[in-house]
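Q: Here it is, the structure in full.
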Amino acid sequence: MSDDLSAVLELREALPVFEESGLASIPYSLRLMPGDCLLIACRDPLRATRFADLCSGLTPLVSGHALCLGLDWEKLAETRAWALRGRIGRVMQQGAWIDLFGTDLNILVQQLHHTRTPTQDLVDEATALARRFGLPGLPSLAPGRLSKADRAKAACVRAFLGEPRLLLLEDPVEQENADMMTAFLAELTAARERGCGVIWFSREPELWHGYNAMGTQRFRLLDEGLMPMKQVV
Amino acid sequence: MREELPFYRRFLHRLGGLTRRQLRFTLMLVGASWGVVREASRPTSWRRTVIYEFKSTLRQSAGGGLFSTLFTAALTGFGIVAQAIYWLGIAGMADTTDSLLATVLVREIAPVLVGIILLGRSAMLSLTQLGQLTIGGELRALQAQGIDPFLTLVMPRALATMLASFTLGVVFSVIALSVGYGVCRLHAIITMPLWTFLYDIVGAMKPIDYIGIPLKLVLSGFLLSLATQLTGLDATRSDTLATLLPRGFARGIMVIMIVNVVLGVAVA
Chain A
1 MSDDLSAVLE LREALPVFEE SGLASIPYSL RLMPGDCLLI ACRDPLRATR FADLCSGLTP
61 LVSGHALCLG LDWEKLAETR AWALRGRIGR VMQQGAWIDL FGTDLNILVQ QLHHTRTPTQ
121 DLVDEATALA RRFGLPGLPS LAPGRLSKAD RAKAACVRAF LGEPRLLLLE DPVEQENADM
181 MTAFLAELTA ARERGCGVIW FSREPELWHG YNAMGTQRFR LLDEGLMPMK QVV
Chain B
1 MREELPFYRR FLHRLGGLTR RQLRFTLMLV GASWGVVREA SRPTSWRRTV IYEFKSTLRQ
61 SAGGGLFSTL FTAALTGFGI VAQAIYWLGI AGMADTTDSL LATVLVREIA PVLVGIILLG
121 RSAMLSLTQL GQLTIGGELR ALQAQGIDPF LTLVMPRALA TMLASFTLGV VFSVIALSVG
181 YGVCRLHAII TMPLWTFLYD IVGAMKPIDY IGIPLKLVLS GFLLSLATQL TGLDATRSDT
241 LATLLPRGFA RGIMVIMIVN VVLGVAVA
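Line order of the protein sequences matches chains A and B.
Taking the UniProt record's numbering, the leading residue of the first sequence gets 1, the next gets one more, and so forth.
Taking the UniProt record's numbering, the leading residue of the second sequence gets 1, the next gets one more, and so forth.
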C-alpha cells in the first residue's frame with residue numbers, strides 16, 4: 001500500500017458549470033485517498049460520464065475546487081493538465097473508441113503519448129494484460145468489429161495499462177460480461193495495493209454485492225448530488 | 001429590452017453581429033495557424049503519436065495523391081504546354097514560350113490544381129473523420145486520456161499536407177512540362193533536348209518566383225488542411241456529413257483561391 005497521504009482525488013464543494021457539464025448545478029465533495037475505492041451507483045450512464053469528466057478536470061467550475069494528486073485542475077497550466085490526465089485510467093461509455101485506429105492502437109495511444117516506454121515493452125504489457133482479461137492477445141481489429149464483450153475487456157486493458165494513479169471506471173463489468181469479474185477484481189485489487197484510487201460507476205449495483213474490500217465506500221449519484229449509500233451485505 | 005434601443009443602436013447591433021459571425025472562421029484560422037507554428041517549434045510536441053499521425057497523413061496525401069497528380073499533370077502537359085508551344089510557334093512568338101510557361105503553368109496553374117487534388121483526396125477525408133469524431137464524442141474521450149486533439153491530429157495533419165503540397169507541386173510542374181515537351185518533340189515542333197527546354201523555363205523564372213511559387217504551394221496546403229480540419233472540429237450536434245462536406249469544400253476552395261490570388265499579386 002502507498003504511504004502517500006495526499007488525496008488522489010478531492011472535490012471541495014466543486015460546483016460545475018451546468019451549460020458545459022450537464023450535471024446538476026450543486027456542489028460536489030469527495031475525498032479519495034490512495035488505494036481507496038468509491039463505488040457509485042448511477043442509473044444514467046451520461047451522468048456518470050459527466051461526473052467522471054468533472055473528476056478529470058474537463059468541466060469548468062463556477063466555484064469550489066477539484067484536485068487530482070494534490071493539483072488543482074483550474075490552476076494547472078494546460079500542458080500539465082494534459083499530462084496529469086495521462087495518469088488517469090478510464091473506462092468510458094460515451095465515444096470510447098476511435099475507429100480510425102485499430103483496437104491495439106486505441107489501447108496503447110495514451111501510453112505512447114505520455115511515456116517514453118519502448119513501444120515493444122508497452123505491447124508486451126498490454127498483451128499480458130489482455131490475456132489476463134481473457135482475450136487471446138492484443139486485438140488488432142477495428143473496435144467496431146469486436147464483440148461487445150471483447151470491447152469491454154479491451155476497455156479494461158486500456159484503463160489498467162501503465163499503472164495509473166486514478167481509475168475512473170464507467171460500467172466496466174455488466175451482467176452480460178460478468179465472466180470477466182474475477183480477472184477484473186484481481187487487477188482492481190492489484191491497482192489499489194499500488195496506491196491507485198478507484199471510482200467505479202455502475203448501473204447495476206448488485207454487481208458489487210461480494211466486493212467488501214477495506215477502504216471501499218458506496219454512493220449514489222442522483223440529481224440531488226452524491227449521496228452515501230447503505231451497504232447491503 | 002432590445003425594442004427600447006434606438007434605431008441606430010439596433011442597426012449597429014445587427015451589423016456587429018453579422019461582422020463577428022462572418023469573421024469568426026477567419027479568426028479561428030489565424031489562431032489555429034499560430035497554434036500549429038508554436039506547437040511545432042516545441043521539441044516536446046513531437047511525441048510518438050504525433051509522429052505517427054504526421055507519417056500516415058504524409059503517406060496518404062503525398063503517396064495517395066501522386067497518381068492523381070501525375071495524371072492531371074500529363075493532361076495539362078498535353079492540353080496546355082503542347083498547345084502553347086505549338087500556337088506560339090505558329091504565331092512567331094516562340095521566344096516568349098519559356099516565360100509564358102513559367103508564368104502560367106508553374107506559377108499559376110500548378111498550385112491551384114495541386115490544391116484541388118489535395119482538397120478532394122486528403123482534406124475532405126480529414127474533414128469527414130474529424131467531423132465524425134466531434135459529433136460522436138470520441139474527441140472528448142481522447143481529451144479524457146490527456147491527449148490534445150489539436151496537438152495529435154490537427155498539427156501533424158496540417159504540416160504533412162503542407163509538405164505534400166510542395167512535393168506534389170514540384171512533381172506536377174516537372175511532369176506537365178515533360179509531357180508537353182514529349183508531345184511537341186513527337187510532332188517535331190521542337191528539336192532541342194529536354195534538359196535545354198527545362199533549363200530555358202527555369203531561366204525564364206524571376207528570382208522572386210523562387211520564393212513566390214514554394215510559398216504558394218506551402219501556404220495553400222497548410223491553410224487548406226487547417227480550414228477543413230477546423231470545419232470538422234467546429235461541427236455541432238445538429239451537423240451531419242450533408243452539411244459539413246459542402247461547407248468544408250467551399251472553405252477549402254476559397255482558401256486555395258485567396259492564397260493564390262493574394263500571393264500572385266503580392267509576390268509577382
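Quick reminder that beta carbons are idealized off the backbone N, C-alpha and C, glycines included.
Any beta-carbon of chain B closer than 9 Å to the one on residue 90 of chain A?
A: So, interface residue.
Q: Run through the region 158-220 of chain A for me and flag every whole beta strand (DSSP E) of 3 or more residues, listed as ranges in chain order.
A: Taking only runs of at least 3 residues, the beta strand (DSSP E) segments lying wholly in the region 158-220 of chain A are 166-170, 197-202.
Q: Report the neighbours of residue 110 of chain A on chain B: residues whose CB is nearer than 8 Å to its CB, in chain order.
A: Residues of chain B passing the Cβ test: 145, 146, 147.
Q: So, with DSSP's three-state summary, where would you put residue 4 of chain B?
A: It is helical.
Q: When the Cα of residue 206 of chain A is compared with those of A:217, A:175, A:14, which residue comes out closest?
A: The candidate whose alpha carbon is nearest that of residue 206 of chain A is A:175.
Q: Going by alpha carbons, who is nearest to residue 42 of chain B out of B:151, B:188, B:171?
A: Of the listed residues, the one whose Cα sits closest to residue 42 of chain B is B:151.
Q: What did DSSP end up calling residue 88 of chain A once you bin it into helix, strand or coil?
A: Residue state, collapsed to three classes: strand.
Q: Looking only at C-alpha atoms, which of A:158, A:53, A:99 sits nearest to residue 129 of chain A?
A: The shortest Cα separation from residue 129 of chain A among A:158, A:53, A:99 belongs to A:158.
Q: Determine whether the Cβ of residue 199 of chain A lies closer than 9 Å to any Cβ atom of chain B.
A: False, the Cβ-Cβ gap to chain B never drops below 9 Å.
Q: Using a Cβ-Cβ cutoff of 8 Å, what residues of the region 125-145 of chain B are near chain A? List them in chain order.
A: Cβ contacts with chain A: 129, 133, 136, 137, 138, 139, 140, 141, 142, 143, 144, 145.
Q: So the candidates are A:63, A:103, A:161; which of them puts its Cα closest to the Cα of residue 148 of chain A?
A: The shortest C-alpha separation from residue 148 of chain A is found at A:103.
Q: Candidates A:52, A:222, A:189, A:8: which alpha carbon is nearest residue 160 of chain A's?
A: Per the Cα distances, A:189.
Q: Could you tell me whether the Cβ atoms of residue 142 of chain A and residue 101 of chain A are closer together than 9 Å?
A: The answer is yes: Cβ separation under 9 Å.
Q: Count the other CB atoms, across all protein chains shown, that sit within 10 Å of the CB of residue 25 of chain A; report buried if there are 16 or more and exposed otherwise.
A: So residue 25 of chain A ends up on the exposed side.
Q: Counting C-beta neighbours from all protein chains within 10 Å, is the total for residue 106 of chain A 16 or more, i.e. buried, or is it exposed?
A: Per the 10 Å Cβ criterion, buried.
Q: Just the chain B side, please: which residues come within less than 8 Å of residue 53 of chain A by C-beta, in chain order?
A: Going along chain B in sequence order, the residues near residue 53 of chain A (Cβ under 8 Å) are 140, 144.
Q: On a Cα-Cα basis, can you pick out the residue from A:11, A:35, A:14 that is closest to residue 191 of chain A?
A: It is A:35 whose Cα lies nearest to the Cα of residue 191 of chain A.
Q: Would you list, in sequence order, the uninterrupted alpha helix (DSSP H) runs of no fewer than 4 residues that lie entirely inside the region 122-192 of chain B?
A: Segments of the alpha helix (DSSP H) lying fully in the region 122-192 of chain B: 124-136, 138-144, 155-186.
Q: With residue 36 of chain B and residue 226 of chain B assumed to form a contact (beta carbons below 8 Å), what rounded beta-carbon distance in angstroms separates them?
A: Contact holds; Cβ gap of about 7 Å.
Q: Do the region 68-88 of chain B and the region 98-114 of chain B make contact, defined as three or more Cβ pairs closer than 8 Å?
A: Touching, yes, given that three or more Cβ pairs across the two stretches are closer than 8 Å.
Q: Can you list, in chain order, the residues of the region 44-61 of chain B whose Cβ is nearer than 7 Å to any Cβ on chain A?
A: Answer set for the region 44-61 of chain B: 47, 48, 49.
Q: Counting C-beta neighbours from all protein chains within 10 Å, is the total for residue 110 of chain A 16 or more, i.e. buried, or is it exposed?
A: Answer is buried; the Cβ neighbour count reaches 16.
Q: Alpha carbon to alpha carbon, what distance is there between residue 266 of chain B and residue 217 of chain B?
A: Straight-line Cα distance between these residues: approximately 15 Å.
Q: Tell me the DSSP secondary structure of residue 118 of chain A in three-state form.
A: It is coil, neither helix nor strand.
Q: Between residue 61 of chain A and residue 7 of chain A, how many whole angstroms is the CB-CB distance? I'm expecting something under 8 Å.
A: Residue 61 of chain A to residue 7 of chain A, Cβ: 17 Å. No contact.
Q: Tell me whether residue 141 of chain B is buried or exposed, calling it buried when 16 or more other Cβ atoms sit within 10 Å of its Cβ.
A: So residue 141 of chain B counts as buried.
Q: Quick one: list the residues of chain B neighbouring residue 71 of chain A, beta-carbon separation under 9 Å, in chain order.
A: Correct list: empty, because the minimum Cβ distance to chain B is about 13 Å.
Q: Grab the span of the alpha helix (DSSP H) containing residue 53 of chain B for me, first residue to last.
A: Element bounds for residue 53 of chain B: 48-58.
Q: Provide the residue(s) that pair with residue 205 of chain B in DSSP beta bridges, ordered along the chain.
A: BP columns for residue 205 of chain B are empty, so no partner.
Q: For residue 146 of chain A, name the three-state secondary structure that DSSP assigns.
A: Note: residue 146 of chain A maps to coil in three-state DSSP.
Q: For residue 100 of chain A, which residues in chain B fall below 7 Å Cβ to Cβ?
A: By Cβ distance, chain B contributes 129.
Q: With 9 Å as the C-beta to C-beta threshold (strictly closer), list the residues of the region 77-88 of chain A near chain B in chain order.
A: Going along the region 77-88 of chain A in chain order, one finds 78, 79, 81, 82, 83, 84, 85, 86, 87, 88 with a Cβ nearer than 9 Å to chain B.
Q: Taking the continuous beta strand (DSSP E) assigned at residue 254 of chain B, which residues delimit it?
A: First-last for residue 254 of chain B: 241-266, but that is the alpha helix (DSSP H), not the beta strand (DSSP E).
Q: For residue 28 of chain A, which residues does DSSP report across the bridge?
A: Its beta-bridge partners are A:14.
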